[in-house]
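Here's the structure we're looking at; comments come further down.
Residue numbers (mature numbering (1 follows the signal peptide of the UniProt record, and there is no 0)): -18 to -1, 1 to 136.
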């Protein structure tokens, strides 16, 4: 067996693993120019664990978007992170960030955490919704949710 074939056999599984890890991380450039990174916990099961949400300062050059960390949080998750979106929840209000998770069970239930920036460079969990049907309007559910972030604790 030639060394080239051995190298190829080594690189293929490594690349497949790298692709899987990349899918567990989402970058979102906010309207403010800041960058938000959401990542499932490294080495955790896809079906449950934690996720981190990190905020980075506005960068003039997008290739340096992750140079100036501002704040981050770690939250529990039941399911995989399926989407991260910037949304408007309050008329004429600041935009929010919504992290969407989908359970691995037969119901494929949806959950969402909504974050705001109470002051520049800071993230705060605003509201959450849990165990909604897969066709649920998460934005409407977050608006209708009673209570503040303290009801989101596991």
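A virtual CB, placed ideally from N, CA and C, is assigned to each residue, including glycine.
For residue i, the three-state DSSP class (helix, strand or coil)
i           : result
residue 3   : Interpretation of residue 3 is limited by its pLDDT of 40, a score under 50 that renders its predicted location unreliable; no figure is taken from the coordinates.
residue 86  : coil
residue 32  : strand
residue 159 : A query on residue 159 cannot be resolved here, the shown segment of the chain reaching from -18 to 136 and no further.
residue 107 : strand
residue 124 : helix
residue 14  : coil
residue 116 : coil
Burial state of residue i (16 or more Cβ within 10 Å)
i          : result
residue 69 : exposed
residue 46 : exposed
residue 96 : buried
residue 62 : buried
residue 17 : buried
residue 22 : buried
residue 94 : buried
residue 51 : exposed
Candidates the options: closest to residue i by CA position
i           : options        : result
residue 48  : 118, 99, 15    : 15
residue 64  : 9, 37, 103     : 9
residue 115 : 26, 12, 87     : 87
residue 59  : 89, 11, 27     : 27
residue 98  : 111, 89, 71    : 71
residue 104 : 13, 24, 38, 30 : 38
Identity of the residues DSSP links to residue i by a beta bridge
i          : result
residue 70 : Looking at the DSSP assignment, residue 70 forms no beta bridge with any residue, so it has no partner.
residue 9  : 19
residue 98 : 106
residue 38 : 17, 51
residue 93 : 83
residue 65 : 82
Counting pairs of beta carbons, one from the region 38 to 56 and one from the region 74 to 86, are three or more of them closer than 8 angstroms? Verdict: no, contact absent.
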